[in-house]
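Colleague:
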Amino acid sequence: MPAVSKGDGMRGLAVFISDIRNCKSKEAEIKRINKELANIRSKFKGDKALDGYSKKKYVCKLLFIFLLGHDIDFGHMEAVNLLSSNKYTEKQIGYLFISVLVNSNSELIRLINNAIKNDLSSRNPTFMCLALHCIANVGSREMAEAFASEIPRILVAGDTMDSVKQSAALCLLRLYKTSPDLVLMGEWTSRVVHLLNDQHMGVVTAAISLITCLSQKNPDEFKTCVSLAVSRLSRIVSSASTDLQDYTYYFVPAPWLSCKLLRLLQCYPPPEDGAVKGRLVECLETILNKAQEPPKSKKVQHSNAKNAILFEAISLIIHYDSEPNLLVRACNQLGQFLQHRETNLRYLALESMCTLASSEFSHEAVKTHIETVINALKTERDVSVRQRAADLLYAMCDRSNAKQIVAEMLSYLETADYSIREEMVLKVAILAEKYAVDYSWYVDTILNLIRIAGDYVSEEVWYRVIQIVINRDDVQGYAAKTVFEALQAPACHENMVKVGGYILGEFGNLIAGDPRSSPLVQFNLLHSKFHLCSVPTRALLLSAYIKFINLFPETKATIQEVLRCDSQIRNSDVELQQRAVEYLKLSSIASTDVLATVLEEMPPFPERESSILAKLKKKKGPGAVSVPDLEDGKREGGELNGGGERGPDSAAMSASNASTPSPSADLLGMRSAAPMSAAPTSAGSLLVDVFSEAGPAAPSAAVNDDGFLSSAPPSEDPATLLSEADELLNKFVCKNNGVLFENQLLQIGIKSEYRQNLGRMYLFYGNKTSVQFASFTTTVSCPGELQSHILSILRATKPVEPVVEGGAQIQQVLNIECLTDFSEAPLLNIKFRYGGALQNLSLKLPVTINKFFQPTEMTSHDFFQRWKQLSQPQQEAQKIFKANHSMDTEVLKAKLLGLGTALLDDVDPNPENYVCAGVIQTKGQQVGCLLRLEPNGQAQMYRLTLRCSKDSVSLRLCELLAQQF
Amino acid sequence: MIRFMLMVNRQGQTRLSRYYQPVELSRRAQLEADVVRCCLSRRKDQCSFVDYKDFKLVYRQYAALYVVVGVTDNENELSVYELLHNFVEVLDKYFSRVSELDIMFNLDRVHIILDEMIQNGHVVETNKSRVLAPLTALDKMADG
Numbered sequence: 001m002p003a004v005s006k007g008d009g010m011r012g013l014a015v016f017i018s019d020i021r022n023c024k025s026k027e028a029e030i031k032r033i034n035k036e037l038a039n040i041r042s043k044f045k046g047d048k049a050l051d052g053y054s055k056k057k058y059v060c061k062l063l064f065i066f067l068l069g070h071d072i073d074f075g076h077m078e079a080v081n082l083l084s085s086n087k088y089t090e091k092q093i094g095y096l097f098i099s100v101l102v103n104s105n106s107e108l109i110r111l112i113n114n115a116i117k118n119d120l121s122s123r124n125p126t127f128m129c130l131a132l133h134c135i136a137n138v139g140s141r142e143m144a145e146a147f148a149s150e151i152p153r154i155l156v157a158g159d160t161m162d163s164v165k166q167s168a169a170l171c172l173l174r175l176y177k178t179s180p181d182l183v184l185m186g187e188w189t190s191r192v193v194h195l196l197n198d199q200h201m202g203v204v205t206a207a208i209s210l211i212t213c214l215s216q217k218n219p220d221e222f223k224t225c226v227s228l229a230v231s232r233l234s235r236i237v238s239s240a241s242t243d244l245q246d247y248t249y250y251f252v253p254a255p256w257l258s259c260k261l262l263r264l265l266q267c268y269p270p271p272e273d274g275a276v277k278g279r280l281v282e283c284l285e286t287i288l289n290k291a292q293e294p295p296k297s298k299k300v301q302h303s304n305a306k307n308a309i310l311f312e313a314i315s316l317i318i319h320y321d322s323e324p325n326l327l328v329r330a331c332n333q334l335g336q337f338l339q340h341r342e343t344n345l346r347y348l349a350l351e352s353m354c355t356l357a358s359s360e361f362s363h364e365a366v367k368t369h370i371e372t373v374i375n376a377l378k379t380e381r382d383v384s385v386r387q388r389a390a391d392l393l394y395a396m397c398d399r400s401n402a403k404q405i406v407a408e409m410l411s412y413l414e415t416a417d418y419s420i421r422e423e424m425v426l427k428v429a430i431l432a433e434k435y436a437v438d439y440s441w442y443v444d445t446i447l448n449l450i451r452i453a454g455d456y457v458s459e460e461v462w463y464r465v466i467q468i469v470i471n472r473d474d475v476q477g478y479a480a481k482t483v484f485e486a487l488q489a490p491a492c493h494e495n496m497v498k499v500g501g502y503i504l505g506e507f508g509n510l511i512a513g514d515p516r517s518s519p520l521v522q523f524n525l526l527h528s529k530f531h532l533c534s535v536p537t538r539a540l541l542l543s544a545y546i547k548f549i550n551l552f553p554e555t556k557a558t559i560q561e562v563l564r565c566d567s568q569i570r571n572s573d574v575e576l577q578q579r580a581v582e583y584l585k586l587s588s589i590a591s592t593d594v595l596a597t598v599l600e601e602m603p604p605f606p607e608r609e610s611s612i613l614a615k616l617k618k619k620k621g622p623g624a625v626s627v628p629d630l631e632d633g634k635r636e637g638g639e640l641n642g643g644g645e646r647g648p649d650s651a652a653m654s655a656s657n658a659s660t661p662s663p664s665a666d667l668l669g670m671r672s673a674a675p676m677s678a679a680p681t682s683a684g685s686l687l688v689d690v691f692s693e694a695g696p697a698a699p700s701a702a703v704n705d706d707g708f709l710s711s712a713p714p715s716e717d718p719a720t721l722l723s724e725a726d727e728l729l730n731k732f733v734c735k736n737n738g739v740l741f742e743n744q745l746l747q748i749g750i751k752s753e754y755r756q757n758l759g760r761m762y763l764f765y766g767n768k769t770s771v772q773f774a775s776f777t778t779t780v781s782c783p784g785e786l787q788s789h790i791l792s793i794l795r796a797t798k799p800v801e802p803v804v805e806g807g808a809q810i811q812q813v814l815n816i817e818c819l820t821d822f823s824e825a826p827l828l829n830i831k832f833r834y835g836g837a838l839q840n841l842s843l844k845l846p847v848t849i850n851k852f853f854q855p856t857e858m859t860s861h862d863f864f865q866r867w868k869q870l871s872q873p874q875q876e877a878q879k880i881f882k883a884n885h886s887m888d889t890e891v892l893k894a895k896l897l898g899l900g901t902a903l904l905d906d907v908d909p910n911p912e913n914y915v916c917a918g919v920i921q922t923k924g925q926q927v928g929c930l931l932r933l934e935p936n937g938q939a940q941m942y943r944l945t946l947r948c949s950k951d952s953v954s955l956r957l958c959e960l961l962a963q964q965f
Numbered sequence: 001m002i003r004f005m006l007m008v009n010r011q012g013q014t015r016l017s018r019y020y021q022p023v024e025l026s027r028r029a030q031l032e033a034d035v036v037r038c039c040l041s042r043r044k045d046q047c048s049f050v051d052y053k054d055f056k057l058v059y060r061q062y063a064a065l066y067v068v069v070g071v072t073d074n075e076n077e078l079s080v081y082e083l084l085h086n087f088v089e090v091l092d093k094y095f096s097r098v099s100e101l102d103i104m105f106n107l108d109r110v111h112i113i114l115d116e117m118i119q120n121g122h123v124v125e126t127n128k129s130r131v132l133a134p135l136t137a138l139d140k141m142a143d144g
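Protein chains in written order, with UniProt numbering: chain A, 1 to 965; chain B, 1 to 144.
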């Protein structure tokens, strides 16, 4: 079908394309393509020099093959050759190939640069344009270095052709974006601004893109563009549609240029000069007026072009946010669009009104459209339009209409698209909290939310309702009654069970007077849900049960029975088993007084920003981050806070979150791992005594993240440093392998080996879920001094893969070198996306100074001689402490060997004592260390003494080791 | 700004693609397939702007051919929407009743036209005769 091809058609190319079209199957197509690739390759390699036409034809074929989705790894040289052709079509194909296929770090750049240089100096405008396009497309550093000074000159030179100026403007924009340091402001700067006055509309259109970008970065230097833009805009807006001839599009004068001018003005505050401002207001009024005039054409292109300008003008009005009259007119105009038959207009009107809602001048005007918007939420056939309607309802919500809006959103949730449910849930939860006048309404709303869309209720939402109920005693009885009723439903969502368990555990007594909700009825109701729940929920319920024992002594026997049964006390899940064992023991050993203290009602949570809000911000975040847009920040602020009050940016927020003490949230307040909880510490230590001989070791439970233990789980705090991290560190002082970290999503295993001052650490990241982790990154950082000279972590031999499939494990290797002694531990930060949420956690890597020990064997005589040599007071560090672990000889020996030192027999006159010696190898020096550990079995105490040739090492080792025994 | 422009037919075959921000080859096929699926699944009465990942798609349908662009959030949707129409009108003028085949067989020329209108993701020229000027000159040379 070669006839279709225009101009100097390439027959071979046309035949090839026809062949591809006629292929019956994908396989046939691939076969044909491979044949062609082989053919082209042989032509390019052949001895016979190809003429320009053939080269062009083959390069063209390659482009076509590339378009079909096949990688092209040759032909670049031929394309570069085409650049020096004198024929436009050959040159153009060459440049096209390079623009599409050459990336900015190609080795060919130098050759390409030569060709560009020739074309730029050719004074042939079409060649110059091609060369400029090419720079704009590739935009590499090397190109910027070669041409950054040349392009501004071409752009502002008086004798440059218009089309060349257009290309030069866009080319400079690209270079400015990729290498701003190379594009130096100078004499051309002011002349660029004056391109706004250029006679040629195309030049103005191109130049505005450049000027907008430059103004955003250097507003002061380009200030003069405001008045120029206003006068240009005014000339366009007031012109008749015939004035601008070819730039009129369906009777609308220069729509694209107008939009760009209005956009440029949004880089600046309203003009200060009264005359300029007056002129601009006039323009905006004219644009608003035109919307009311009868259309000059029935064609939709006409109204689209007109409305494009109108929406941009409204954006500018909202950006200024200072002309009440214009804001209200804009709002009325958008109100008309809300009922327009064009879906596109309804969509844009909803979107635009969202930003209007945050202006104090137009908030009330926006509110008058509430019925229309609610109707849109119910009847729009397009989910993206409904989404905008929901956004707008959220933005226009205030105390006066909150109940109506929340009710509408709740009823919409029942049928809402899955894609937007989670966000809707967050919004309902925020509005309900923010505008709650009576908190029983709030509780009802959230419980409804869980009932209607339980799967989409994230942890933040139910944590929050609990925080609020705990902090407000006026709503506690109502909440208990309502959850009790909600739990009656035969099938209720697990989130409801969680809320129910927590609230009845705390406040079940408030409804216990009613025989229909007597303690035993409450307990049986909760327990009837127990078996259908996941492990974290069951753990929570167990805590609720022990609370019940305290609240209602009459339930004690029943609950103990439940705790005692094999499915609890021998549960294969460690956490459940531990809770069952501990709670059973607690309930049988502790006196009522102790029980009452330990199981006291939760103290109020510290007031802080809602974590739900944080989550919504995060969900909305990525879009806003990538956009250097002015109004966006504003839109964000408006949407979230309703009243134009700007939300703190996420960085500030993370700080505030981090500084808030993690609200204990342990129902029992008995985990010493949550020292910041307001639970009485005396009770904590009391319990340790009670349990000194019972139950498995606690650390694993402390690391496990279950809802009850922390109301802001690690995954949600922007940068969580696990508070147990030091505990983790201690776990690995005497051993090199093991599980470093584990939560519901991720397990991190560690294996390490050390020799002299070098170490190698293998980290294994295991995905415990069946869902893939995306954007998985890890970074190792050495805080403070550590970074500069104490310890150097040579980067991982290779970075981890960005994706960890469900159930998969990936490995990372770190090389470590110890330069001098150190006491801090390096930090490992892990980030990934699980589902939609960004997970972020930081751990201390268990690299401690003792890892670099070399054992030293010595005789008793040598030992004591050296001991005496190290007699300066600061060289010695000593600690006397109570035994935390078993004092069994074999266990102690194993630990001391794990430490890395040599354990010396027959040295100390007292055979009960342990003596060790070793040398710490750092790059710069060797530090000799002697250790003496004197156990006192009767008192369950130790005395630990260290003497090292460097005092900081003695101190650090003493600190580390005191935790080990 | 405009991040990419695609012309794709109903079968999902790409007929023109131009990226103004680098996208790896391996991701392009995925992106193009996604975009087509997204457009095909929409009915005529749905709006022409779709949120897609962290940017927005603006698309128009001409018979079996979709013209789709990805734009950043700060772009004026309607003006881009009409830009697409303007582009198609220019093609129509040059090829006198443009069809999918014209685009396939004259890829180089379609690119010349596109480069005249959009550079670097920004509109540079909207005047039809000026857009076509280089091509007209070229065809004259070939004829003469």
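Even for Gly, the Cβ is constructed at its ideal location relative to N, Cα and C.
1. Report the residues of the segment 49-67 of chain B with a CB closer than 9 Å to any CB of chain A, ordered along the chain.
2. Report the residues of the segment 116-137 of chain A with a CB closer than 7 Å to any CB of chain B, ordered along the chain.
3. For L284/A, which of F311/A, G335/A, R516/A and A877/A has the nearest alpha-carbon?
4. Would you decide whether T368/A is buried or exposed? Buried here means 16 or more other CB atoms lie within 10 Å of its CB.
5. Who are the near neighbours of P134/B in its chain, counting only those whose CB is closer than 8 Å to its CB and skipping five residues on each side?
6. How about R346/A and V300/A: are their beta carbons less than 8 Å apart?
7. I think S238/A touches T286/A, with their Cβ atoms under 8 Å apart; what is that distance to the nearest whole Å?
8. What residues from chain B crowd round N304/A, counting only those whose CB sits closer than 7 Å?
9. Under a CB-based cut-off of 8 Å, is I2/B close to chain A?
10. When the Cα atoms are used, what is the spatial distance from L722/A to T769/A?
11. For T89/A, go through chain E and note every residue whose CB falls closer than 8 Å to its CB, in chain order.
12. Cutting at 7 Å between CB atoms, please list the residues of its own chain near K498/A, excluding the five before and the five after it.
13. Report the neighbours of G202/A on chain B: residues whose CB is nearer than 7 Å to its CB, in chain order.
14. Would D444/A count as contacting chain B if we go by Cβ distances under 8 Å?
15. Within the chosen definition, does the segment 556-568 of chain A reach the segment 426-440 of chain A through at least 3 CB pairs nearer than 8 Å?
16. Roughly how many angstroms separate the alpha carbons of L356/A and A479/A, rounded to a whole number?
17. Suppose you measure from the CA of G500/A to the CA of V465/A; what does that come to, to the nearest Å?
18. Please compile the residues from chain A whose C-beta is within a distance smaller than 7 Å of the C-beta of M7/B.
19. Thinking C-alpha only, which one of V915/A, I880/A and S518/A is nearest M941/A?
20. Kindly indicate the opening and closing residues of the beta strand (DSSP E) around S775/A.
21. Could you confirm whether any beta carbon from chain B is found closer than 8 Å to the beta carbon of L350/A?
22. What would DSSP say about T840/A, mapped onto helix, strand or coil?
23. Would you mind reading off the limits of the alpha helix (DSSP H) that contains C225/A?
24. Against chain B, with Cβ distances strictly below 8 Å, would P255/A count as a contact?
25. Would Y347/A count as contacting chain B if we go by Cβ distances under 8 Å?
26. Specify, as a first and last residue, the run of the beta strand (DSSP E) that Q809/A falls within.
27. Smallest Cα separation from N86/A: which of H527/A, N103/A and M128/A?
28. Buried or exposed for Q964/A, please, with buried defined as at least 16 other CB atoms from any protein chain shown within 10 angstroms of its CB.
29. Expressed to the nearest angstrom, what Euclidean distance is found between the alpha-carbon atoms of T89/A and T212/A?
30. Using the three-state DSSP reduction, which class does A877/A fall into: helix, strand or coil?
Modeller: Answer, in terms of the structure:
1. The segment 49-67 of chain B vs chain A, Cβ under 9 Å: F49, V50, D51, K53, D54 and F55.
2. So the list reads T126, H133 and A136, given in the order they occur along the chain.
3. Locating residue 284/A in the first sequence gives position 284, where the first residue counts as 1. For the residues F311/A, G335/A, R516/A and A877/A, the minimum Cα distance to L284/A belongs to F311/A.
4. For this step, residue 368/A is matched to residue 368 along the first sequence. T368/A is exposed by the Cβ-count criterion.
5. Translated into positions along the second sequence, residue 134/B becomes position 134. Contacts found: I112 and E116.
6. Within the first sequence, residue 346/A is the residue found at index 346, counting from 1. Within the first sequence, residue 300/A is the residue found at index 300, counting from 1. The answer is no: Cβ separation not under 8 Å.
7. The count along the first sequence starts at 1 and reaches residue 238/A at position 238. The count along the first sequence starts at 1 and reaches residue 286/A at position 286. Indeed, because the Cβ distance is near 7 Å, the residues count as touching under 8 Å.
8. Residue mapping note: residue 304/A aligns to position 304 of the first sequence, counting from 1. In chain order: L78, Y81 and E82.
9. Your numbering for residue 2/B matches position 2 in the second sequence. Not one chain A Cβ lies under 8 Å of I2/B.
10. Position 722 of the first sequence, counted from the start, is the residue given in the question as residue 722/A. Position 769 of the first sequence, counted from the start, is the residue given in the question as residue 769/A. For L722/A, the predicted model reports a pLDDT of 49, less than 50, meaning its position is unreliable; a value from the coordinates is still stated below. So the two alpha carbons sit approximately 21 Å from each other.
11. In the structure shown, chain E cannot be found, because the protein chains are A and B.
12. Numbered from 1 along the first sequence, position 498 holds the residue referred to as residue 498/A. Contacts found: W462, T537, L540 and G707.
13. Walking along the first sequence from the start, residue 202/A turns up at place 202. Chain B residues near G202/A: V124, E125, N127 and R130.
14. Residue 444/A sits at position 444 when you count from the first residue of the first sequence. Chain B, which has no Cβ nearer than 8 Å to the Cβ of D444/A, makes this no.
15. Result no; under three Cβ-Cβ pairs closer than 8 Å.
16. For the purposes of this step, residue 356/A is taken as the residue at position 356 of the first sequence. For the purposes of this step, residue 479/A is taken as the residue at position 479 of the first sequence. Roughly 37 Å separates the two Cα atoms.
17. By 1-based counting over the first sequence, the position of residue 500/A is 500. By 1-based counting over the first sequence, the position of residue 465/A is 465. Each residue's alpha carbon lies about 11 Å from the other.
18. Taking the second sequence and counting its residues from 1, one reaches residue 7/B at position 7. Those do not exist, as M7/B stays about 10 Å from chain A at its closest Cβ, beyond 7 Å.
19. Locating residue 941/A in the first sequence gives position 941, where the first residue counts as 1. When each option's Cα is compared against that of M941/A, the closest is I880/A.
20. Position 775 of the first sequence, counted from the start, is the residue given in the question as residue 775/A. F773 to S781 is the extent of the beta strand (DSSP E) around S775/A.
21. Looking up residue 350/A in the first sequence gives position 350. L350/A does not count as touching chain B.
22. Translated into positions along the first sequence, residue 840/A becomes position 840. First, the residue type needs correcting, since residue 840/A is Asn and not Thr in the sequence shown. Of the three classes helix, strand and coil, the one that applies to N840/A here is strand, per DSSP.
23. Locating residue 225/A in the first sequence gives position 225, where the first residue counts as 1. Here the alpha helix (DSSP H) through C225/A covers C225 to V237.
24. The residue labelled residue 255/A in the question sits at position 255 within the first sequence. Chain B contact via Cβ: present.
25. In the first sequence, the residue the question calls residue 347/A occupies position 347. Chain B places a beta carbon closer than 8 Å to that of Y347/A, counting this residue as a contact.
26. Sequence index remark: in the first sequence, residue 809/A carries index 809 (1-based). Start and end: Q809 to C818.
27. Mapped onto the first sequence, residue 86/A falls at position 86. The option with the nearest alpha carbon to N86/A is M128/A.
28. Residue numbering aside, residue 964/A sits at position 964 when the first sequence is read from its first letter. Buried, since its Cβ has 16 or more Cβ neighbours within 10 Å.
29. The residue given as residue 89/A occupies position 89 in the first sequence. The residue given as residue 212/A occupies position 212 in the first sequence. Their backbone Cα atoms lie some 34 Å apart in a straight line.
30. What you label residue 877/A is simply residue 877 of the first sequence in a count that begins at 1. Of the three classes helix, strand and coil, the one that applies to A877/A here is strand, per DSSP.
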